[in-house]
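K.L.:
Attaching a single structure in structure tokens format; questions to follow.
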Amino acid sequence: MTTNLEESAEAKRRIAVIGISTVILVAMVVAVTVGVSQVDGDEKNTKNTNHVASTVKAVKALCQPTDYKEECEESLTAEAGNTTDPRELIKIAFNVTINKIGDGLQKSHLLQEVENEPRAKMALDTCKQLMNLSISEFSRSLERIGQFNLNNLDEILTSLKVWLSGAVTYQETCLDGFENTTSKAGEKMKEALTNATKMSSNALSIITELANTFSELNETRQDSSHRRLKDEFPSWVDNGAGVRRLLLSSSRKLKPNVIVAKDGSAKFTSINQALKNVPQKNMKPFVIFIKKGVYKEYVEVTREMRHVVFVGEGGDKTRITGNKNFIDGTNTYKTATVAIQGDYFIAINMGFENSAGAHKHQAVAVRVQADKSIFYKCSFDGYQDTLYAHTMRQFYRDCTISGTIDFIFGDAVTVFQNCTFVVRKPMQNQQCIVTAQGRKEKHQPSGIVIHGGSIVAEPGESKDHKNVKFDSKAYLARPWKNYSRTVFLQTYIGDLIEPEGYMPWQGPEGNTGMDTCYYAEFNNIGPGSNATKRVKWHGVKHLTEKSVGAFFPSKFFHGDDWIRFTKVPYSPGLTNFTKHKI
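Taking full-length UniProt numbering, I'd label the letters of the sequence shown as residues 1 to 582.
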């Protein structure tokens with residue numbers, strides 16, 4: 001039996017649900033849809049006229065936050081018919097964009113067939129892969145649009161922002177592949193993708209506006225991740241292979257699905273052989289225990305290989321190595337020794353390497369495009385472009401990453417927690433840069449947060465192991481794309497970092513990104529952490545005790561249950577870390 005007080009509370013809750021649900025379907029156009037429903041059924045001509053007028057108003061309202069309003073309004077009006085349902089309009093926008101990307105994909109096929117220059121031909125082949133990935137992100141976003149409800153709205157909108165951001169990045173990466181080519185293929189591909197890139201940007205803007213509006217009205221709502229931790233586990237955790245138990249166990253006590261051993265002591269001698277056993281549409285952790293050894297192979301965890309877990313015997317014992325590089329004819333995207341696309345990927349105690357060397361320029365050790373991926377106690381070794389944190393949500397804990405130029409780059413939503421960044425000795429006349437974040441659009445949720453850990457020079461080879469001293473300058477970051485975003489929190493910064501901290505990106509149009517980037521530091525220590533002489537760009541920000549909260553891992557990911565459930569060590573906010581490991 002309920003009391004009057006309980007009934008009143010329930011009534012208020014229903015009112016709140018109705019109000020928030022209205023926002024879900026774009027509060028901007030509610031007045032329009034309500035007005036349509038009140039038209040008298042006998043006034044057919046008036047009703048039809050009102051439908052058209054209402055659709056136009058609904059489209060204009062939906063397109064308001066976009067950067068390409070004309071394209072948005074024209075494309076939606078042409079396909080919308082008489083609908084004023086915001087959810088249907090968003091679906092239409094997604095479908096139109098998928099078709100535009102498909103046009104670009106078809107163009108890449110045609111151009112590749114007639115292209116003779118090797119680098120341009122490879123770039124076109126890469127474009128085909130990336131356009132398919134971009135379409136896939138829109139397709140799964142389209143599927144989730146139909147699953148809106150009050151309880152999962154925040155989670156869905158967050159995922160949609162990440163996925164659509166990835167779709168935007170894939171198109172940009174396609175065009176990046178034509179740098180240093182001499183044919184006209186790059187220009188033709190850029191022209192072919194003009195409509196796709198605009199429509200993709202518009203779709204991201206619309207979803208971002210929805211997410212922001214919902215967040216503003218939902219500030220007092222209990223955090224969903226904390227509630228779920230108490231009440232339930234997600235499906236990918238609730239299984240016999242238990243990720244939580246997995247991470248709390250030592251590697252020797254695991255009961256893996258398959259074992260890989262270089263010395264032939266297990267069924268598989270290569271990692272790629274083992275990956276062929278991952279079930280299709282896998283929804284449970286598939287654990288691959290990889291015994292110590294150096295595995296010289298190029299490994300790909302495909303998009304279909306979800307919930308794959310690599311467990312090694314240590315970053316210096318179980319190592320995957322390759323040496324593809326730009327100088328020898330491979331574009332940056334395809335130089336990766338290991339490429340990871342399957343969502344919910346986890347790596348523990350693994351080493352990844354590209355051994356090409358500084359003189360071979362771009363040479364990626366790992367490229368990550370897997371949503372909600374986790375790396376724990378792993379090492380990533382290379383020189384230029386070591387770790388390509390390309391897209392999606394990624395978390396790194398207690399890892400070591402080494403390199404020279406832009407050795408952490410990409411456009412993922414990435415947090416490095418308690419990791420060590422080792423700046424290696426470069427070639428003569430080279431400058432070292434730790435990060436080159438590639439956020440192109442201001443609406444993208446992507447960025448790099450370095451939380452705790454150390455930025456140091458590599459150890460020397462002398463008996464006292466003093467760190468290498470070199471003449472070249474070293475910097476924290478440079479803006480690879482205009483809206484590049486990188487934040488350093490509670491990190492030890494060694495004396496190798498120049499007082500200016502940051503350097504501009506030098507492109508065909510001169511120095512770029514200084515005014516539109518977002519670079520910030522908070523509570524760092526070490527001789528390189530003094531920020532008084534940092535460059536005076538508009539894009540270099542000052543964080544306060546209040547504003548820094550936006551970059552706490554829990555806030556930056558906008559939901560961290562996928563990390564918490566694994567029981568990987570994790571700090572959602574500021575904390576004390578072990579500093580200066582090297």
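Where a beta carbon is used, it is the ideal one built from N, C-alpha and C, also for glycine.
What's the gap between the Cα of M283 and the Cα of T182?
P.N.:
45 angstroms
K.L.:
What are the partner residues of R303, as DSSP defines its beta bridges?
P.N.:
Looking at the DSSP output, R303 sits in no beta bridge, so it has no partner there.
K.L.:
CA-CA distance, A347 and V368?
P.N.:
12 angstroms
K.L.:
Any idea what DSSP makes of W236, helix, strand or coil?
P.N.:
Only weak support exists for where W236 lies, its pLDDT of 40 falling under 50; the value from the coordinates is given anyway. Looking at W236 - three-state DSSP - the assignment turns out to be coil, as it is neither helix nor strand.
K.L.:
Give the range of the alpha helix (DSSP H) segment to which L210 is assigned.
P.N.:
T194 to L217
K.L.:
Kindly indicate which three-state DSSP category N576 falls into: helix, strand or coil?
P.N.:
It is coil, neither helix nor strand.
K.L.:
For a test of the three-state rule: what should DSSP assign to P504, helix, strand or coil?
P.N.:
coil
K.L.:
Could you tell me the distance, in whole angstroms, from the CA atom of R564 to the CA atom of V449?
P.N.:
18 angstroms
K.L.:
Exposed or buried, what is T332 when buried is set at 16 or more other beta-carbons lying within 10 Å of its beta-carbon?
P.N.:
buried
K.L.:
Between C63 and the rest of its own chain, which residues show a CB-CB distance below 6 angstroms, the 5 nearest in sequence each way excluded?
P.N.:
K69, C72 and E73
K.L.:
Assess, as a yes-or-no matter, whether the stretch 88-107 is touched by the stretch 185-198 under the definition of 3 or more beta carbon pairs within less than 8 angstroms.
P.N.:
yes
K.L.:
Between K473, N524, T512 and G510, which has its C-alpha nearest E500's C-alpha?
P.N.:
The closest CA to that of E500, considering only K473, N524, T512 and G510, is found on K473.
K.L.:
Identify every residue that forms a DSSP beta bridge with residue 585.
P.N.:
This structure cannot settle anything about residue 585, because the visible part of the chain is limited to 1 through 582.
K.L.:
Here's the rule: buried if 16 or more other CB atoms are within 10 angstroms of the residue's CB, otherwise exposed. What is H307?
P.N.:
buried
K.L.:
How big is the Cα-Cα spacing for S484 and K281?
P.N.:
Between S484 and K281, the C-alpha separation is close to 35 angstroms.
K.L.:
Since T404 and Q362 are thought to touch, with beta carbons under 8 angstroms apart, how far apart are those beta carbons, to the nearest angstrom?
P.N.:
T404 to Q362, Cβ: 11 angstroms. No contact.
K.L.:
Helix, strand or coil, according to DSSP, for I145 in the structure here?
P.N.:
helix
K.L.:
To the nearest angstrom, how far is it from the Cα of C174 to the Cα of G510?
P.N.:
Taking the straight line joining both Cα atoms gives about 22 angstroms.
K.L.:
Less than 8 angstroms between the C-beta atoms of T486 and Q417, yes or no?
P.N.:
no
K.L.:
What number of angstroms, rounded off, separates the C-alpha of L157 from the C-alpha of T414?
P.N.:
18 angstroms
K.L.:
By how many angstroms is the C-alpha of Y475 removed from the C-alpha of V309?
P.N.:
34 angstroms
K.L.:
Do V423 and E458 come within 8 angstroms of each other at the CB atom, strictly closer than that value?
P.N.:
yes
K.L.:
Please return the same chain residues whose Cβ sits closer than 7 angstroms to the Cβ of V59, not counting the five positions on each side in sequence.
P.N.:
E73, L76, T77, A80 and L89
K.L.:
Counting only runs that start and end within the stretch 41-106, where is the alpha helix (DSSP H) found for 4 or more residues in a row?
P.N.:
44-63 and 69-80
K.L.:
According to DSSP, simplified to helix, strand and coil, what is S270?
P.N.:
Annotated three-state conformation of S270 is coil, per DSSP.
K.L.:
Where do the N-terminal and C-terminal ends of the beta strand (DSSP E) with C432 fall, by residue?
P.N.:
Taken as a continuous stretch (DSSP letters only), the beta strand (DSSP E) holding C432 covers C432 to Q437.
K.L.:
CB-CB under 7 angstroms to G177, same chain, minus the five flanking residues each way: which ones, in chain order?
P.N.:
A123, T126, C127, N331 and Y333
K.L.:
Tell me which residue opens and which closes the beta strand (DSSP E) that I259 is part of.
P.N.:
Counting along the chain, the beta strand (DSSP E) containing I259 begins and ends at V258 to V260.
K.L.:
Helix, strand or coil: how does DSSP classify T566 here?
P.N.:
coil
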